[in-house]
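Protein chains: 2
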Amino acid sequence: MTTHSGVPEVVVDRLPQYLRALAQLESSGFDVISSQQLGELLQVTPAQIRKDLSYFGRFGKQGRGYSISHLLERLRNILGLDQTWNVAVVGVGRLGRSIISYPGFEPEGFRVVCAFDSDPAVVGQVAGGLTVYNFADYAEIAEREHVQIAIVAVPANVAQAVIDNLVAAGVKSILNYAPKSALTPPDVRIRNVDPVVSLQSMTYYLSAV
Amino acid sequence: MTTHSGVPEVVVDRLPQYLRALAQLESSGFDVISSQQLGELLQVTPAQIRKDLSYFGRFGKQGRGYSISHLLERLRNILGLDQTWNVAVVGVGRLGRSIISYPGFEPEGFRVVCAFDSDPAVVGQVAGGLTVYNFADYAEIAEREHVQIAIVAVPANVAQAVIDNLVAAGVKSILNYAPKSALTPPDVRIRNVDPVVSLQSMTYYLSAV
DNA sequence: AAACGATTGTAAATAGATTCACAAACAGGG
DNA sequence: CCCTGTTTGTGAATCTATTTACAATCGTTT
Ligand SMILES: NC(=O)c1ccc[n+]([C@@H]2O[C@H](COP(=O)([O-])OP(=O)(O)OC[C@H]3O[C@@H](n4cnc5c(N)ncnc54)[C@H](O)[C@@H]3O)[C@@H](O)[C@H]2O)c1
Ligand SMILES: NC(=O)c1ccc[n+]([C@@H]2O[C@H](COP(=O)([O-])OP(=O)(O)OC[C@H]3O[C@@H](n4cnc5c(N)ncnc54)[C@H](O)[C@@H]3O)[C@@H](O)[C@H]2O)c1
Numbered sequence: 032m033t034t035h036s037g038v039p040e041v042v043v044d045r046l047p048q049y050l051r052a053l054a055q056l057e058s059s060g061f062d063v064i065s066s067q068q069l070g071e072l073l074q075v076t077p078a079q080i081r082k083d084l085s086y087f088g089r090f091g092k093q094g095r096g097y098s099i100s101h102l103l104e105r106l107r108n109i110l111g112l113d114q115t116w117n118v119a120v121v122g123v124g125r126l127g128r129s130i131i132s133y134p135g136f137e138p139e140g141f142r143v144v145c146a147f148d149s150d151p152a153v154v155g156q157v158a159g160g161l162t163v164y165n166f167a168d169y170a171e172i173a174e175r176e177h178v179q180i181a182i183v184a185v186p187a188n189v190a191q192a193v194i195d196n197l198v199a200a201g202v203k204s205i206l207n208y209a210p211k212s213a214l215t216p217p218d219v220r221i222r223n224v225d226p227v228v229s230l231q232s233m234t235y236y237l238s239a240v
Numbered sequence: 032m033t034t035h036s037g038v039p040e041v042v043v044d045r046l047p048q049y050l051r052a053l054a055q056l057e058s059s060g061f062d063v064i065s066s067q068q069l070g071e072l073l074q075v076t077p078a079q080i081r082k083d084l085s086y087f088g089r090f091g092k093q094g095r096g097y098s099i100s101h102l103l104e105r106l107r108n109i110l111g112l113d114q115t116w117n118v119a120v121v122g123v124g125r126l127g128r129s130i131i132s133y134p135g136f137e138p139e140g141f142r143v144v145c146a147f148d149s150d151p152a153v154v155g156q157v158a159g160g161l162t163v164y165n166f167a168d169y170a171e172i173a174e175r176e177h178v179q180i181a182i183v184a185v186p187a188n189v190a191q192a193v194i195d196n197l198v199a200a201g202v203k204s205i206l207n208y209a210p211k212s213a214l215t216p217p218d219v220r221i222r223n224v225d226p227v228v229s230l231q232s233m234t235y236y237l238s239a240v
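Here the protein sequences line up with chains A and B, keeping their order.
All residue numbers for the first sequence refer to the working numbering, where the first residue is 32 and numbers rise by one.
All residue numbers for the second sequence refer to the working numbering, where the first residue is 32 and numbers rise by one.
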């Protein structure tokens, strides 16, 4: 699928991998890397790395490789990571709370700015420094807080309804933790985080030996 | 990639999606479904569903569709989900604890049977009903407990070392939560659960409008 | 018992992704 | 300043996945 501007989606999905490996290399003191070396590190062919990058420009130097800091800068720019993204968490149960206090988002430019629940016993509580709002007020508050991304952590049986509300309120990117593959319009991008699904495809290879 | 027996990996990765949708349909009281209807539900073409299933056999009836309960049974069998899998959790910090007490694994046949850490302050503690063992004793205890799958929830900087140890101890399937793409031999399957990577590819589409 | 509408399973065609392979470009050394 | 050893960027070739298209089959209706 080439959902946008001619760059295949598989390519975009690999860029964060490159980014992470390069950031690691930079903090280990390396300056330059070849597609060959990066490929070994990530178990990807060098040609694939070069072709992926070629969709966006010419970032390397023949005979040398890529300047790590320069490539990092360009990848961050391409992925839109040279800005901070405001995130709303919907569903402040056990998982929602741990997402709100997960320290891995902020350093990557994702800031959880507000949290929502529908349970009157939870609304008004403070979780991880955030006051929990009523999900009924989502549209208004999300606009005020400039929310661009929603993380869904509600029970599976209400996930579709919650996502429908998010879509109606104009959200274009959703990270869904509920074990439910939800329907969204084509202009809304949804990613599922689901450890059970990952396990279920690995068991195929474990059992079919 | 057709890593095993001629069935493409993309196909195997879609089966758990089918499984989940069918289980949902069954519990809603449906008996039969056509590839057309299932495709609408999952946003997949009917032909893809039929072709995917055809790698494993002929499960449908012309003119009718698929018996949901029969197809569920076959999919569970194909994926190796008609047995219980024993899982070890490595790294009993905040995330490790929440994995141990996550109620979503058991009903799907994944049983967390033991937990490991390297911190002497954590080893010996009880978490979610499990005594935390020293990771140094992994090989011995994992064999005794018949562990088949390991879940890694340690800091990124030790993830590769931990995974090397797991591989040395004979694990063939790893679910990795550490934000690090780790290297494993070709016979060891690893899946990463990484919300940041998911977010980072969605921002491409948000910013590049 | 024949005719009908629905739906599968799959071979062939199309579309898409990856890899190959090499000319062009660069750094370093003689 | 030219030669050597690298490594990029990319068209063309290959490989893989998806979609098309339809004969075969099934239950139902007439
Ligand atoms: N993917 C993962 O890694 C993972 C891990 C754990 C849990 N989960 C899933 O995440 C979801 C939440 O799990 P949990 O353990 O936090 O459950 P939980 O019951 O502790 O929390 C769910 C929260 O959602 C709220 N909620 C319910 N309906 C709502 C609505 N319509 N609008 C807003 N909020 C609503 C509830 O009030 C509750 O606070 C479940 O679907 C669970 O299966 C996924
Ligand atoms: N993918 C996700 O959704 C997600 C969410 C949260 C955290 N994480 C990641 O999961 C990991 C753990 O996060 P956390 O918040 O639980 O951290 P934590 O520090 O609370 O826990 C890490 C645990 O690992 C243990 N450990 C360290 N070295 C070890 C070793 N060599 N062998 C065995 N155990 C060892 C530590 O003693 C500690 O108990 C981190 O890498 C974090 O980035 C991922």
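We put the beta carbon where it would ideally sit given N, CA and C, even for glycine.
Within the same chain, show all residues whose beta-carbon is closer than 7 Å to that of residue i, passing over the 5 residues directly before and after it, in chain order.
{"i": "Val63 of chain B", "result": "Arg95, Gly96, Tyr97, Ser98 and Ile99"}
{"i": "Val42 of chain B", "result": "Asp83 and Tyr86"}
{"i": "Gly122 of chain B", "result": "Asp148, Val183, Ala184 and Val185"}
Would you say residue i faces chain A, with C-beta separation under 9 Å as the test?
{"i": "Ala190 of chain B", "result": "no"}
{"i": "Glu139 of chain B", "result": "yes"}
{"i": "Arg125 of chain B", "result": "yes"}
{"i": "Ser212 of chain B", "result": "yes"}
{"i": "Ser66 of chain B", "result": "no"}
{"i": "Val228 of chain B", "result": "yes"}
{"i": "Val144 of chain B", "result": "no"}
{"i": "Phe136 of chain B", "result": "yes"}
{"i": "Ser85 of chain B", "result": "no"}
{"i": "Val224 of chain B", "result": "yes"}
{"i": "Ser129 of chain B", "result": "yes"}
{"i": "Gln93 of chain B", "result": "no"}
{"i": "Val120 of chain B", "result": "no"}
Residues in the same chain with beta-carbon distance under 8 Å from residue i, minus the five sequence neighbours each way, listed in chain order, please.
{"i": "Arg220 of chain B", "result": "Lys203, Ser204 and Ile205"}
{"i": "Glu176 of chain A", "result": "Asn117, Ala119, Val144 and Cys145"}
{"i": "Leu50 of chain B", "result": "Leu103, Leu106, Arg107, Leu110 and Leu112"}
{"i": "Ala52 of chain A", "result": "Leu69, Leu72 and Leu73"}
{"i": "Ala190 of chain B", "result": "Val183, Asn207, Ala209, Lys211 and Ala213"}
{"i": "Glu139 of chain A", "result": "Leu112"}
{"i": "Tyr169 of chain B", "result": "Ala119, Val121, Phe147, Asn196, Leu197 and Ala200"}
{"i": "Asp218 of chain A", "result": "Lys203"}
Taking residue i as the query, report the chain B residues whose CB atoms sit under 7 Å from its CB, ordered along the chain.
{"i": "Ser204 of chain A", "result": "Met233 and Leu237"}
{"i": "Ala184 of chain A", "result": "What Ala184 of chain A touches in chain B: nothing, since even the nearest Cβ is about 11 Å away."}
{"i": "Arg220 of chain A", "result": "Met233 and Tyr236"}
{"i": "Leu73 of chain A", "result": "Ser212"}
Mind checking which residues open and close the beta strand (DSSP E) that includes residue i?
{"i": "Asp148 of chain A", "result": "Phe141 to Asp148"}
{"i": "Gly96 of chain B", "result": "Gly96 to Ser98"}
{"i": "Arg175 of chain A", "result": "Here Arg175 of chain A belongs to no beta strand (DSSP E); instead the alpha helix (DSSP H) covers Tyr169 to Arg175."}
{"i": "Ser132 of chain A", "result": "Unbroken run through Ser132 of chain A: none, as it is neither H nor E."}
{"i": "Ala119 of chain B", "result": "Trp116 to Val121"}
Name, please, each residue of chain B whose Cβ falls closer than 8 Å to the Cβ of residue i.
{"i": "Ser36 of chain A", "result": "Ala239"}
Establish whether the CB of residue i and some CB of chain B are separated by less than 9 Å.
{"i": "Gly88 of chain A", "result": "no"}
{"i": "Asp44 of chain A", "result": "yes"}
{"i": "Pro47 of chain A", "result": "yes"}
{"i": "Ala52 of chain A", "result": "yes"}
{"i": "Gln114 of chain A", "result": "yes"}
So which residues of chain B does residue i contact, with C-beta pairs closer than 9 Å?
{"i": "Leu56 of chain A", "result": "Under the 9 Å cutoff, chain B gives no residues; its nearest Cβ is about 12 Å from Leu56 of chain A."}
If the cut is a Cβ gap below 8 Å, which residues of chain A does residue i touch?
{"i": "Gly111 of chain B", "result": "Thr234, Tyr235, Leu237, Ser238 and Ala239"}
To which residues of the same chain is residue i closer than 6 Å at the C-beta, ignoring the five residues directly before and after it?
{"i": "Glu137 of chain A", "result": "none"}
{"i": "Arg222 of chain B", "result": "Leu206"}
{"i": "Val153 of chain A", "result": "Val123 and Val163"}
{"i": "Val38 of chain B", "result": "Tyr86"}
Name the chain A residues that come within less than 9 Å of residue i, Cβ to Cβ?
{"i": "Ile180 of chain B", "result": "Leu230, Met233, Thr234 and Leu237"}
State the start and end residues of the unbroken alpha helix (DSSP H) segment that holds residue i.
{"i": "Val193 of chain B", "result": "Ala187 to Ala199"}
{"i": "Arg41 of chain B", "result": "The question names Arg, but residue 41 of chain B is Val in the sequence shown. Residues Glu40 to Ser58."}
{"i": "Leu237 of chain B", "result": "Pro226 to Ser238"}
{"i": "Ser66 of chain B", "result": "Ser66 to Leu73"}
{"i": "Ala78 of chain B", "result": "Pro77 to Ser85"}
Chain-ordered list of residues that sit, by beta carbon, closer than 6 Å to a heavy atom of ligand 1 = A:Val121, A:Gly122, A:Val123, A:Gly124, A:Arg125, A:Leu126, A:Gly127, A:Phe147, A:Asp148, A:Ser149, A:Asp150, A:Val153, A:Phe166, A:Ala184, A:Val185, A:Pro186, A:Ala187, A:Val189, A:Val193, A:Tyr208, A:Ala209, A:Pro210, A:Val224, A:Asp225, A:Pro226, B:Tyr133 and B:Gly135
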